[in-house]
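**Student:** Numbers given in my numbering equal positions in the sequence shown, counted from 1, plus 153. Yeah, the Cβ is synthetic: ideal placement off N, Cα and C, and Gly gets one too.
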Amino acid sequence: MELESEVEEARSTSFTATTTTPPAVAPPPPPRQDPADTRKLTDLERKLAEQREKVSRLEESLTKKEGEMEAMEERYKKYLGKAKSVIKTLDPKHNPALVPDVSHLRSAIQDKERIIETMEVGDGGLERG
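1. Can you look up Gln263 in the DSSP assignment and give me helix, strand or coil?
2. For the putative contact between Val160 and Leu201, defined by C-beta atoms under 8 angstroms, what is the C-beta separation to the nearest angstrom?
3. Following the continuous alpha helix (DSSP H) through Lys193, name the residue where it begins and the one where it ends.
4. Rounded to whole angstroms, what's the CA-CA distance from Leu243 to Glu273? Just pull it up for me.
5. Report back the beta-carbon spacing between Ala163 and Asp187 to the nearest angstrom; my notes put them in contact at under 8 angstroms.
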């Protein structure tokens, strides 16, 4: 990230004075920092912290949305399976076991209609009385 590189660069430039001095017996005095550099470093660190917080929030939001999408996909698959099963049960093309039953029932109805017609004709239209 660009802010991280700027922070590291600012830190390294502010501490170069301590690394170039030869080692001494006494600990070296703390390096003097220009107040403008200190403010710049503080500002960059604050911006970096804000960016990290924003990234964290966005990652949490993304994780939540991914979970919601997975749940929606599971529901979609479940509903799709139910719809397919309903279509199969209602459509005789998809259920060949129902086709012979329907034709058998039609032929039975036609046979019964013929029997009724022959009975009506066989009576000769005579009324009982």
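**Tutor:** Inspection of the coordinates gives the following:
1. In the structure shown, Gln263 sits in a helix (DSSP, three-state: H, G or I).
2. Right, their Cβ atoms sit about 6 angstroms apart.
3. Counting along the chain, the alpha helix (DSSP H) containing Lys193 begins and ends at Pro188 to Leu243.
4. Roughly 38 angstroms between the two C-alpha positions.
5. With 8 angstroms as the limit, Ala163 and Asp187 do not qualify as a contact, their Cβ atoms being about 11 angstroms apart.
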